[in-house]
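Residue numbers (numbering that gives the first Met the number 0), protein chains in the order written: chain A, 0 to 350; chain B, 0 to 536.
No residue lacks a Cβ here, since even glycine has one placed at the ideal position from N, Cα and C.
Some notes on the structure that comes next.
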Amino acid sequence: MMKPIMAGRLVTLSIGACILVACICAGCLTAHPASAQKEVIVYTSVDQVYSEPVFFKFENRTGIKVRPVYDVEAEKTTGLVNRLIAEKANPKADVFWSGEYAQTLDLQKDGVLVPYHSNEADMIPSQYRDANWYWVGLGGRARVILINTRFLAGNQAPGSILDLANSTIPGDRIGIANPMFGTTATHASALYAYLGPEAARAYYQGLKDKGVRVIDGNSDVRELVEKGDLYIGMTDTDDSCEAIARGSPVSVILPDQGSDGIGAFIIPNTVALIAGGPHPSEGKVFIDYLLSAEDENDLMKSGWIQVPVRPDTTEHGCLNVSGIHGMNVSMTAVAAQNDQSRQELADIFMR
Amino acid sequence: MNDKRPSVWNAIIRSGYPGYLHILCLLIFLGVIIIPLAPLLLSTIQFIAKDPVRAAGFALPSGRVLSLLVNSVILALAVSISSTLIGVLAGTWLWNNPYGVRGYLPWLLLVFIPVPSTLYYFAWSSFFPLTGGFSAWWIQVMMYLPLLTIFSYIGLRLVEQEKIESGRMAAPDMRVYHRIVIPLAAPLILAGSGLVFIFSLLDYTVPSLCSVNVYALEIFAQYSANNQAAHAFLLALPLVIITGAGVYFSQYNMKKAFQKVSWERSTPVKGFRWPGWLFRSTQVAIGVTFLGTGFVLVFLLFSAFAGQTVAMTTAMYSDIVFSFATALLAAALCLAPSMAAAREMSGNTRWSGLWWGISMIPLAIPAALAGIGLATISNAPLFEPFTGGIILPVFVCVFRFIPIAAIVLCAQLRMTDRTLLDAGQIFTPGVIREWTKIRFPLFFPGFFIAAYLVFAFTLGELGGTIMVIPPGSSTLTIRLYNYLHYGASGSVAQLSLLLAGLVMLSGVVFLLVLRTLRRSHTIEHANMRKGNHDPGE
Numbered sequence: 000m001m002k003p004i005m006a007g008r009l010v011t012l013s014i015g016a017c018i019l020v021a022c023i024c025a026g027c028l029t030a031h032p033a034s035a036q037k038e039v040i041v042y043t044s045v046d047q048v049y050s051e052p053v054f055f056k057f058e059n060r061t062g063i064k065v066r067p068v069y070d071v072e073a074e075k076t077t078g079l080v081n082r083l084i085a086e087k088a089n090p091k092a093d094v095f096w097s098g099e100y101a102q103t104l105d106l107q108k109d110g111v112l113v114p115y116h117s118n119e120a121d122m123i124p125s126q127y128r129d130a131n132w133y134w135v136g137l138g139g140r141a142r143v144i145l146i147n148t149r150f151l152a153g154n155q156a157p158g159s160i161l162d163l164a165n166s167t168i169p170g171d172r173i174g175i176a177n178p179m180f181g182t183t184a185t186h187a188s189a190l191y192a193y194l195g196p197e198a199a200r201a202y203y204q205g206l207k208d209k210g211v212r213v214i215d216g217n218s219d220v221r222e223l224v225e226k227g228d229l230y231i232g233m234t235d236t237d238d239s240c241e242a243i244a245r246g247s248p249v250s251v252i253l254p255d256q257g258s259d260g261i262g263a264f265i266i267p268n269t270v271a272l273i274a275g276g277p278h279p280s281e282g283k284v285f286i287d288y289l290l291s292a293e294d295e296n297d298l299m300k301s302g303w304i305q306v307p308v309r310p311d312t313t314e315h316g317c318l319n320v321s322g323i324h325g326m327n328v329s330m331t332a333v334a335a336q337n338d339q340s341r342q343e344l345a346d347i348f349m350r
Numbered sequence: 000m001n002d003k004r005p006s007v008w009n010a011i012i013r014s015g016y017p018g019y020l021h022i023l024c025l026l027i028f029l030g031v032i033i034i035p036l037a038p039l040l041l042s043t044i045q046f047i048a049k050d051p052v053r054a055a056g057f058a059l060p061s062g063r064v065l066s067l068l069v070n071s072v073i074l075a076l077a078v079s080i081s082s083t084l085i086g087v088l089a090g091t092w093l094w095n096n097p098y099g100v101r102g103y104l105p106w107l108l109l110v111f112i113p114v115p116s117t118l119y120y121f122a123w124s125s126f127f128p129l130t131g132g133f134s135a136w137w138i139q140v141m142m143y144l145p146l147l148t149i150f151s152y153i154g155l156r157l158v159e160q161e162k163i164e165s166g167r168m169a170a171p172d173m174r175v176y177h178r179i180v181i182p183l184a185a186p187l188i189l190a191g192s193g194l195v196f197i198f199s200l201l202d203y204t205v206p207s208l209c210s211v212n213v214y215a216l217e218i219f220a221q222y223s224a225n226n227q228a229a230h231a232f233l234l235a236l237p238l239v240i241i242t243g244a245g246v247y248f249s250q251y252n253m254k255k256a257f258q259k260v261s262w263e264r265s266t267p268v269k270g271f272r273w274p275g276w277l278f279r280s281t282q283v284a285i286g287v288t289f290l291g292t293g294f295v296l297v298f299l300l301f302s303a304f305a306g307q308t309v310a311m312t313t314a315m316y317s318d319i320v321f322s323f324a325t326a327l328l329a330a331a332l333c334l335a336p337s338m339a340a341a342r343e344m345s346g347n348t349r350w351s352g353l354w355w356g357i358s359m360i361p362l363a364i365p366a367a368l369a370g371i372g373l374a375t376i377s378n379a380p381l382f383e384p385f386t387g388g389i390i391l392p393v394f395v396c397v398f399r400f401i402p403i404a405a406i407v408l409c410a411q412l413r414m415t416d417r418t419l420l421d422a423g424q425i426f427t428p429g430v431i432r433e434w435t436k437i438r439f440p441l442f443f444p445g446f447f448i449a450a451y452l453v454f455a456f457t458l459g460e461l462g463g464t465i466m467v468i469p470p471g472s473s474t475l476t477i478r479l480y481n482y483l484h485y486g487a488s489g490s491v492a493q494l495s496l497l498l499a500g501l502v503m504l505s506g507v508v509f510l511l512v513l514r515t516l517r518r519s520h521t522i523e524h525a526n527m528r529k530g531n532h533d534p535g536e
């Protein structure tokens with residue numbers, strides 16, 4: 000049997016050892032020693048599984064080390080934007096790469112960004128870039144209707160998002176992500192801008208009255224459609240492609256494609272240079288790379304983007320969206336509707 | 000010991016007690032809480048000065064937002080009360096079955112603490128359609144039941160055996176259980192209930208998946224809409240008040256429940272004669288508790304084997320090291336300051352209520368706000384040397400989980416044999432020896448349980464870490480949530496099992512050390528009671 004004094008020593012030793020190990024780890028992890036290697040710090044809301052390969056390829060190509068910070072949908076992707084605003088006086092990041100554009104416009108408004116005219120952006124149509132080069136759009140995603148083909152044939156699904164509220168499908172089998180967050184919020188602002196606030200409000204009120212399920216996020220909508228809990232859901236093309244890649248019984252409908260349709264809402268990625276970032280030159284090199292045709296093709300192949308912004312892109316992702324009829328609404332007009340749409344949608348849905 | 004003067008002052012004037020260390024730890028505790036909140040408070044004060052009417056509108060919810068708050072409180076109360084009832088019964092079963100393999104069961108319940116709540120939803124929704132308030136209630140009860148079972152079990156184990164035996168001589172076992180055992184275990188059980196109430200109140204993921212709107216989501220919606228931390232902070236104020244008041248009042252009547260027993264001296268209850276209905280109830284409760292955990296385990300194992308194997312890259316190893324080091328440091332650093340706060344909370348002074356209130360603040364502040372506060376303050380030149388490394392992620396986790404450590408240690412203090420403390424103070428030469436020979440071994444179970452919980456919760460932390468993590472670093476949890484969004488269910492399951500494995504590993508170490516200590520200190524205490532203790536040893 001162990002003597003008391005030995006036990007006391009054992010406790011002291013084991014605790015001391017734990018703290019020592021943690022301190023050694025902390026020491027190793029705390030310091031990023033200054034080295035000759037160039038580096039760039041990228042804050043990104045693009046999923047790590049898609050952005051990480053881009054960083055690796057960039058590192059191999061240029062020799063510049065990428066030190067990324069990732070955001071996650073579970074935190075409603077509010078993290079990095081607020082972090083960038085908090086760090087504004089003493090910026091830590093060089094580049095912000097967003098999976099959409101509403102947050103980038105917020106950062107521009109808050110004075111976090113600095114203009115950068117990349118030569119690679121000259122080929123990108125003007126509607127996908129800021130007039131003063133504060134940010135530039137690259138390939139993006141579209142809002143689509145995902146259906147479970149076990150329960151619904153393609154021709155039974157409405158071809159327009161505006162018909163969801165009037166369809167014969169029970170409301171509790173239709174799902175949308177919470178329109179207060181992410182791309183669903185941007186989509187709502189776009190409808191406010193395109194249809195006008197009154198018509199957009201009536202549309203969302205119709206969905207609420209029908210009993211449409213409002214789910215946490217787009218990936219959860221996809222998950223529930225795959226499982227058959229929902230027959231039909233509104234989500235993004237990247238989520239839909241993941242469901243297809245997994246062999247789930249789903250089909251994707253590009254909504255509102257007729258000549259009189261409002262068009263599918265397209266959400267480009269955006270990239271911007273941070274004002275006063277520690278590595279501006281490397282940041283510019285990274286932006287040039289991200290805006291290149293090669294990178295857009297890579298992102299199409301990986302499944303992150305489905306709608307290219309460059310006319311010369313040859314790659315098709317899981318969906319062939321060439322000739323897609325997009326919603327004709329400017330990014331700034333959409334951003335202008337953010338406050339009103341969120342206020343009114345909170346009144347409708349968050350009860 | 001019964002001096003009515005404030006205990007901080009007592010600490011200074013008491014001879015032999017390291018008052019300066021106590022005060023230093025209290026200052027650190029206050030610093031940990033105040034530092035991340037300072038920028039939020041400042042911006043909130045500025046906002047109130049600029050637009051007091053609008054500020055009042057955020058802090059005093061009305062109409063739609065008030066009804067959301069009421070609904071959320073009702074859901075949290077339902078979850079907390081149900082979990083408490085089932086948890087106490089399940090804890091009673093564990094308390095009654097401490098031998099062999101069954102003695103290890105309680106610690107297995109905690110391994111899924113870092114697992115995302117989304118996975119609980121998907122595990123259950125694989126079998127049942129889950130929508131509405133009832134579903135949200137069920138999933139949350141399944142999530143938090145293990146925590147309450149553990150709190151109940153520890154509370155019951157720490158009930159003084161002599162009191163039980165004395166009671167059994169005069170009254171039937173059921174009455175002893177009802178009138179002695181449960182009241183004495185109540186501080187820890189109710190502390191667990193308070194924690195579950197808070198966790199449920201702040202969880203928006205599960206309710207949202209079940210299409211139920213809650214107040215916590217309103218805070219995020221507000222924050223997401225305009226990026227104004229002051230608005231979100233004011234919206235969170237009702238939660239701070241509700242949670243602080245709830246936990247304080249749950250402990251208010253428990254202050255006199257001091258006992259003369261500690262974990263090392265506690266012996267399992269023997270030969271209790273339960274009424275048939277209670278015996279069956281405890282069996283059902285433990286079955287429900289393990290059903291919830293087992294459901295998630297089976298779901299994770301099935302998904303892990305069915306899905307694609309996650310690639311163990313260098314980045315992944317680095318994430319494991321970063322996560323482990325962060326959790327270990329957070330757990331170690333929590334202990335001293337939370338012990339000091341626990342001493343104030345457990346005291347019989349008029350200040351103890353204030354300490355309870357202060358200690359509960361971090362639990363009610365959304366993680367993202369805590370992170371943003373720390374990110375803001377770390378921009379100050381004074382804090383520049385601490386940025387860019389592991390320190391800020393550790394800091395934010397200490398901020399978020401130090402109340403849990405304080406609650407556990409407070410309960411431990413209330414149940415510690417004070418005659419031993421006094422004897423130790425008299426007979427041991429010097430403060431260091433008193434601590435290493437007497438106090439630390441006596442408080443050891445509380446320290447380790449607190450550290451274990453902080454370790455497990457830190458491994459699963461996301462909202463605060465993401466705001467302060469250094470560029471180029473990541474944690475397993477951040478990676479896991481990224482895979483979760485991507486829909487890689489196999490990778491998500493494998494990472495969840497990895498996190499659970501890390502918690503289990505720390506649990507095994509905890510149990511081994513605890514067992515060794517129990518053996519040895521039983522002898523030491525026996526010697527002390529016989530007067531054989533040699534202070535010079």
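Chain B contact residues for residue i, given Cβ-Cβ distances below 7 Å
i, result
"A:Tyr-69", "Ser-473, Ile-477, Asn-481"
"A:Ala-345", "Ala-220"
"A:Gly-78", "Ala-367, Ile-465, Met-466"
Minimum C-alpha distance to residue i - residue among the options
i, options, result
"B:Gly-291", "B:Ala-75, B:Gly-372, B:Leu-109, B:Leu-368", "B:Leu-109"
"B:Ile-112", "B:Glu-460, B:Ala-135, B:Ile-465", "B:Glu-460"
"B:Tyr-451", "B:Phe-219, B:Phe-150, B:Trp-137, B:Leu-200", "B:Phe-150"
"A:His-305", "A:Pro-90, A:Ile-266, A:Leu-290, A:Gln-204", "Note that residue 305 of chain A corresponds to Gln in the displayed sequence, not to His. The option with the nearest alpha carbon to A:Gln-305 is A:Ile-266."
"B:Tyr-152", "B:Gln-160, B:Pro-336, B:Leu-194, B:Trp-106", "B:Trp-106"
"A:Ser-301", "A:Phe-150, A:Ile-160, A:Arg-60, A:Arg-140", "A:Arg-140"
"B:Ser-82", "B:Asn-225, B:Phe-198, B:Ser-61", "B:Phe-198"
Rounded separation between residue i and residue j - CA only
i, j, result
"B:Lys-255", "B:Cys-209", "Note that B:Lys-255 scores a pLDDT of 47, beneath 50, so its modelled location is shaky; the value from the coordinates is reported in the next line. For B:Lys-255 and B:Cys-209, the distance between alpha carbons rounds to 42 Å."
"B:Leu-158", "B:Val-87", "Checking the sequence shown, residue 158 of chain B turns out to be Val, not Leu. When rounded, the distance between both Cα atoms is 14 Å."
"A:Ala-30", "A:Asp-237", "Any answer about A:Ala-30 is weak, because its pLDDT of 48 lies below 50 and its placement is not dependable; what the coordinates show is given next. Spanning the two alpha carbons is a distance of roughly 37 Å."
"B:Gly-102", "B:Pro-145", "15 Å"
"B:Trp-355", "B:Val-239", "12 Å"
"B:Leu-20", "B:Leu-155", "32 Å"
"B:Arg-13", "A:Pro-67", "Bear in mind that the predicted position of B:Arg-13 carries a pLDDT of just 47, short of 50, making it unreliable; the figure below should be weighed with that in mind. Those two C-alpha atoms are separated by around 52 Å."
"B:Lys-259", "B:Ala-410", "Interpretation of B:Lys-259 is limited by its pLDDT of 49, a score under 50 that renders its predicted location unreliable; no figure is taken from the coordinates."
Residue i - containing beta strand (DSSP E), residue span
i, result
"B:Thr-348", "That residue, B:Thr-348, is in no beta strand (DSSP E); it is neither H nor E in DSSP."
"B:Ala-89", "Note, B:Ala-89: premise wrong, no beta strand (DSSP E); alpha helix (DSSP H) at 62-95."
Where residue i meets chain B, residues with beta-carbon distance less than 9 Å
i, result
"A:Glu-86", "Ala-374, Thr-375, Ser-377, Asn-378"
Residue i: first and last residue of the uninterrupted alpha helix (DSSP H) it sits in
i, result
"A:Met-326", "Looking at the DSSP string, A:Met-326 is not in any alpha helix (DSSP H), and its letter there is neither H nor E."
"B:Phe-446", "439-458"
"B:Ile-371", "366-376"
"A:Glu-38", "Here A:Glu-38 belongs to no alpha helix (DSSP H); instead the beta strand (DSSP E) covers 38-43."
Listed by chain order, chain B residues near residue i by CB distance under 8 Å
i, result
"A:Gln-339", "In chain order: nothing, as chain B lies at least about 11 Å away."
"A:Lys-91", "Thr-386, Gly-387, Pro-470"
Closer than 9 Å at the beta carbon, the chain A residues around residue i
i, result
"B:Ser-207", "Asn-177, Val-213, Ile-214, Asp-215, Gly-216, Asp-219"
Next on the checklist: To be precise: take each residue of the stretch 15-45 of chain B, compare its Cβ to all Cβ atoms of chain A, and keep it if any distance is under 9 Å. Which residues remain?
Outcome noted: Pro-38
Checklist entry - Between the stretch 210-222 of chain B and chain D, which residues of the former have CB atoms less than 8 Å from a CB of the latter, in chain order? => result In the structure shown, chain D cannot be found, because the protein chains are A and B.
Item to check | Short-range partners of chain B found in the stretch 253-269 of chain A, where Cβ spacing is below 7 Å | outcome: none
Checklist entry - Got a sec: which bits of the stretch 62-96 of chain B sit with their beta carbon under 8 Å from any beta carbon on chain A, in order along the chain? => result Arg-63, Ser-66, Leu-67
Next on the checklist: If the cut-off is 9 Å on Cβ atoms, which residues from the stretch 114-137 of chain B count as contacting chain A, listed in chain order?
Outcome noted: Pro-115, Thr-117, Tyr-120, Phe-121, Ser-124, Ser-125, Pro-128, Leu-129, Thr-130
Checklist entry - What residues in the stretch 146-180 of chain A have a beta carbon less than 8 Å from any beta carbon of chain B? => result Asp-171, Asn-177, Met-179, Phe-180
Item to check | Proximal residues, the stretch 117-144 of chain A versus chain B, C-beta separation under 9 Å | outcome: none
Item to check | Selection of the stretch 345-363 of chain B by Cβ proximity to chain A, strictly under 7 Å | outcome: none
Next on the checklist: Please identify, using Cβ separations under 9 Å, the residues of the stretch 454-468 of chain B that lie next to chain A, in order along the chain.
Outcome noted: Leu-461, Gly-462, Ile-465, Met-466, Val-467, Ile-468
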